[in-house]
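Participant: Here you go, one structure.
Residue numbers (our numbering): 14 to 598.
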């Protein structure tokens with residue numbers, strides 16, 4: 014636990030897979046404010062091979078704006094702050110630029126212990142390479158399992174299985190198999206072993222391992238059939254990630270030496286801020302945080318004060334996009350594009366983007382392709398994350414997204430979209446929110462930075478958020494219910510602060526924007542049809558709600574849930590163009 018200290022200026026950097034962001038927070042009239050920010054390409058790879066170079070480039074942008082020096086003659090960050098406003102009192106860093114931890118998961122029952130272990134892995138910068146199980150989750154023969162582990166070449170093997178006081182022999186057999194596989198591997202590449210199963214077997218597990226592998230022990234991820242406990246295993250996996258992956262980043266030891274705080278993962282820092290935002294909203298609903306990174310997608314949800322974090326390391330908006338094309342096919346990406354693209358051009362465009370991750374698309378279809386990839390990776394992450402959510406009454410429909418009071422979105426593909434309407438459409442198409450939600454854009458990419466700042470000075474994160482650190486993109490109303498195209502789903506009246514009003518009918522298939530400028534408020538009077546649910550208590554339930562304006566005002570998304578995309582390519586492309594135009598291009 015980091016001890017809170019009195020701090021003035023705080024300099025934070027976030028070293029991502031494509032970009033390194035920096036922000037300066039300082040006190041102004043007794044409150045913390047975001048003073049300046051900078052962004053540069055991450056330099057862990059060729060030609061720099063030193064992550065510190067990207068940090069210096071991003072910090073130099075802040076220096077140019079503020080007229081202050083933050084880097085000394087040796088190239089090191091100046092901290093604490095010196096006389097003459099040189100440096101910053103606190104320097105902190107988050108990172109997501111390293112390769113994910115490679116994990117082999119072992120367990121007894123596919124839908125119980127193995128599923129819980131997979132979810133524990135999914136909450137960290139880790140990737141499941143293989144699964145060992147006794148009910149069809151992997152090969153039965155020990156020799157085959159040993160070969161499977163060796164072929165996967167994991168960084169760690171996570172063994173779960175057995176509720177507290179449950180089965181022992183199958184669990185111990187998995188441990189023995191893992192130990193045999195470890196002993197047959199070169200000592201320099203030997204994976205560690207994480208045991209997160211029946212705690213009554215810990216002594217036997219220690220005895221089986223007997224120094225043949227590095228052993229870590231965590232709380233049982235599935236202590237009972239109806240209970241899951243992932244935090245202990247995730248903490249151990251985070252530690253392994255820091256030691257075996259983050260520590261291997263070129264130049265990270267220099268960046269770490271500049272700070273009195275430990276380098277933290279960007280995903281955890283992001284999730285910390287989503288937890289805070291839940292306390293500001295409707296406690297009966299959830300808060301969702303989505304960060305579409307170049308190489309990872311982070312999804313943090315909070316229901317009833319309980320955080321669930323999923324980090325998808327398979328692909329982001331840039332890196333791994335070729336795998337998305339291979340998995341979905343060009344037709345799977347074209348379904349979100351207003352113009353066609355060949356498989357060859359799509360592959361070439363995605364490869365070029367991965368070689369030049371900070372480049373700007375030159376042609377409209379290159380932009381549409383990038384945004385289509387973003388939709389697909391978000392949908393895959395949501396599908397992966399939902400089994401771990403515990404929304405309770407906030408999930409009235411089994412196959413649809415739960416009710417979220419606020420949806421916070423971040424990531425370069427959203428921040429750098431040519432128009433805010435495109436960012437909003439990516440979010441609506443990929444998440445398909447229901448009921449009433451406020452979509453908030455992390456326009457400056459500061460949420461992970463604020464999460465890191467909150468380690469040392471929580472007031473800094475709170476003050477920056479309160480002073481406009483996030484941008485209200487739109488309030489969204491998404492009716493749910495079966496209806497014919499053109500049927501009236503919702504009647505609404507918008508009463509503005511000056512007393513003027515606006516009435517509209519939302520019809521099935523519509524995507525409509527109602528003006529409501531940022532900083533302004535309005536009262537909505539909502540009257541849904543008897544069979545239509547807008548999240549105010551069930552079908553037919555309406556009421557009045559006061560909402561705040563945003564960049565796009567109020568969006569009525571009456572396209573239905575799930576969204577139906579036309580099968581005919583020409584019709585579908587017209588559909589995509591119409592939706593873009595409906596939101597403003």
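C-beta: ideal position from N, C-alpha, C; glycine also.
1) Which residues in the same chain as residue 305 place their Cβ atom closer than 6 Å to its Cβ, once the five residues preceding and following it in sequence are excluded?
2) Pick helix, strand or coil for residue 527, following the three-state DSSP scheme.
3) Does the beta-carbon of residue 580 have 16 or more other beta-carbons within 10 angstroms, so that it is buried, or is it exposed?
4) Work out the CA separation of residue 225 and residue 365 for me, nearest whole Å.
5) Which parts of the stretch 261-291 are runs of the alpha helix (DSSP H), unbroken and 4 residues or longer, counting only runs that do not cross its ends?
6) Does the stretch 210-218 come within contact of the stretch 266-273, defined as at least 3 CB pairs closer than 8 Å?
7) In angstroms with no decimal places, state the Cα-to-Cα distance between residue 441 and residue 596.
8) Report the CB separation of residue 159 from residue 194 in whole angstroms; it is logged as a contact under 8 Å.
9) To the nearest angstrom, how far is the alpha carbon of residue 150 from that of residue 220?
10) Quick one: what's got a C-beta closer than 6 Å to residue 9's C-beta in the same chain, skipping five residues either side?
11) Residue 473 lies in the beta strand (DSSP E); which residues open and close that run?
12) Compare the beta carbon distance of residue 62 and residue 263 with 8 Å and say whether it is the shorter of the two.
13) Tell me which residues share the same chain as residue 337 and place their Cβ nearer than 7 Å to its Cβ, disregarding the 5 neighbours each side in the sequence.
14) Determine whether the beta carbon atoms of residue 23 and residue 470 lie at a separation below 8 Å.
15) Which residues in the same chain as residue 169 place their Cβ atom closer than 6 Å to its Cβ, once the five residues preceding and following it in sequence are excluded?
16) Rounding to the nearest angstrom, what Cα-Cα distance links residue 340 and residue 113 in this structure?
17) Compute the distance between the beta-carbons of residue 49 and residue 56, then report whether it is under 8 Å.
18) Inspect the beta-carbon positions of residue 31 and residue 436 and report whether they are closer than 8 Å.
19) Can you give the Cα-Cα distance for residue 333 and residue 97, rounded to whole angstroms?
20) With respect to the beta strand (DSSP E) encompassing residue 505, which residues constitute its N-terminal and C-terminal limits?
21) Residue 71: which of 109, 317, 99, 28 sits nearest, CA to CA?
22) DSSP on residue 517, reduced to helix/strand/coil?
23) So with Cβ pairs under 8 Å, would you call residue 80 a contact of chain C?
24) Tell me whether the stretch 407-423 and the stretch 439-457 touch, counting them as touching only if at least three CB pairs, one residue from each stretch, are closer than 8 Å.
25) Between the stretch 240-259 and the stretch 274-286, do at least 3 Cβ pairs fall closer than 8 Å?
26) At which residues does the alpha helix (DSSP H) containing residue 26 begin and terminate?
27) In three-state terms, what does DSSP make of residue 227?
28) Taking contact to mean 3 or more Cβ pairs, one atom from each stretch, closer than 8 Å, check whether the stretch 495-506 and the stretch 538-550 are in contact.
29) So, with DSSP's three-state summary, where would you put residue 555?
30) Within 10 angstroms of its Cβ, does residue 59 collect 16 or more other Cβ (buried), or is it exposed?
31) Nearest by alpha-carbon distance to residue 326: which of 287, 320, 310 is it?
32) Which runs of the alpha helix (DSSP H) fall wholly inside the stretch 202-253 and span at least 4 residues, in chain order?
33) Which residues in the same chain have their Cβ closer than 8 Å to the Cβ of residue 190, if we skip the five residues on either side of it in sequence?
34) Around the C-beta of residue 16, are 16 or more other C-beta atoms found within 10 angstroms, so that it is buried, or is it exposed?
35) Between which two residues does the beta strand (DSSP E) harbouring residue 335 extend?
36) Just curious, the alpha helix (DSSP H) that residue 198 is in, first and last residue?
Facilitator: Taking the structure as given:
1) By 1-based counting over the chain shown, the position of residue 305 is 292. Within the same chain, residue 305 has close Cβ partners 330, 387, 424, 426.
2) Position 514 of the chain shown holds residue 527. Strand at residue 527.
3) Counted from its first residue, the chain shown places residue 580 at position 567. Under this definition residue 580 is an exposed residue.
4) For the purposes of this step, residue 365 is taken as residue 352 along the chain shown, with counting starting at 1. For the purposes of this step, residue 225 is taken as residue 212 along the chain shown, with counting starting at 1. So the two alpha carbons sit approximately 44 Å from each other.
5) 265-270, 279-291
6) no
7) For the purposes of this step, residue 441 is identified with residue 428 of the chain shown, where counting begins at 1. For the purposes of this step, residue 596 is identified with residue 583 of the chain shown, where counting begins at 1. Rounded to whole angstroms, residue 441 to residue 596 spans 11 Å at the Cα level.
8) If you number the chain shown from 1, residue 159 lands on position 146. If you number the chain shown from 1, residue 194 lands on position 181. At roughly 5 Å, the Cβ-Cβ gap stays under 8 Å, so residue 159 and residue 194 are in contact.
9) Position 137 of the chain shown, counting from 1, holds the residue named residue 150. Position 207 of the chain shown, counting from 1, holds the residue named residue 220. In this predicted model, residue 150 has a pLDDT of only 49, less than 50, meaning its place in the structure is not dependable enough to derive any value.
10) Any question about residue 9 goes unanswered here, given that the chain covers just 14 to 598.
11) Locating residue 473 in the chain shown gives position 460, counting from the first residue. No beta strand (DSSP E) holds residue 473; the alpha helix (DSSP H) holding it covers 471-479.
12) To locate residue 62, count along the chain shown from 1; it is residue 49. To locate residue 263, count along the chain shown from 1; it is residue 250. Yes, the pair counts as a contact, with Cβ atoms nearer than the cut-off.
13) Within the chain shown, residue 337 is the residue found at index 324, counting from 1. Cβ within range, chain order: 328, 386, 389, 390.
14) On the chain shown, position 10 is the one that residue 23 refers to. On the chain shown, position 457 is the one that residue 470 refers to. Yes, they are a contact pair.
15) What you label residue 169 is simply residue 156 of the chain shown in a count that begins at 1. Contacts found: 116, 204, 205, 207, 253.
16) Position 327 of the chain shown holds residue 340. Position 100 of the chain shown holds residue 113. Cα to Cα, residue 340 sits roughly 20 Å from residue 113.
17) Locating residue 49 in the chain shown gives position 36, counting from the first residue. Locating residue 56 in the chain shown gives position 43, counting from the first residue. Contact flag unset, no.
18) For the purposes of this step, residue 31 is taken as the residue at position 18 of the chain shown. For the purposes of this step, residue 436 is taken as the residue at position 423 of the chain shown. No, these two residues do not count as a Cβ contact at 8 Å.
19) On the chain shown, residue 333 is found 320 positions in, with the first residue counted as 1. On the chain shown, residue 97 is found 84 positions in, with the first residue counted as 1. Each residue's Cα considered, the two are about 46 Å apart.
20) As a working mapping, residue 505 is identified with position 492 in the chain shown. Where residue 505 is concerned, the enclosing beta strand (DSSP E) stretches over 501-509.
21) In the chain shown, counting from the first residue as 1, residue 71 sits at position 58. Checking every option, the nearest Cα to that of residue 71 belongs to 28.
22) Position 504 of the chain shown, counted from the first residue, corresponds to residue 517. Strand.
23) Structure shown: chain C not included; a single protein chain is present.
24) yes
25) yes
26) For the purposes of this step, residue 26 is taken as the residue at position 13 of the chain shown. That residue, residue 26, is in no alpha helix (DSSP H); its beta strand (DSSP E) goes 23-28.
27) On the chain shown, residue 227 is found 214 positions in, with the first residue counted as 1. In this structure, residue 227 counts as coil in the three-state DSSP scheme.
28) yes
29) Residue 555 sits at position 542 when you count from the first residue of the chain shown. Here residue 555 sits in coil by DSSP.
30) By one-based count along the chain shown, residue 59 stands at place 46. Per the 10 Å Cβ criterion, exposed.
31) In the chain shown, the residue the question calls residue 326 occupies position 313. Checking every option, the nearest Cα to that of residue 326 belongs to 310.
32) 215-222
33) Locating residue 190 in the chain shown gives position 177, counting from the first residue. Only 119, 145, 155, 158, 159, 162 meet the Cβ criterion.
34) Position 3 of the chain shown, counting from 1, holds the residue named residue 16. Reliability of the predicted coordinates at residue 16 is poor, the pLDDT of 43 falling under 50, and no value is obtained from them.
35) Here residue 335 refers to the residue found at position 322 when the chain shown is read from its first residue. Residue 335 -> not in any beta strand (DSSP E); alpha helix (DSSP H) instead, spanning 334-347.
36) As a working mapping, residue 198 is identified with position 185 in the chain shown. Looking at the DSSP string, residue 198 is not in any alpha helix (DSSP H), and its letter there is neither H nor E.
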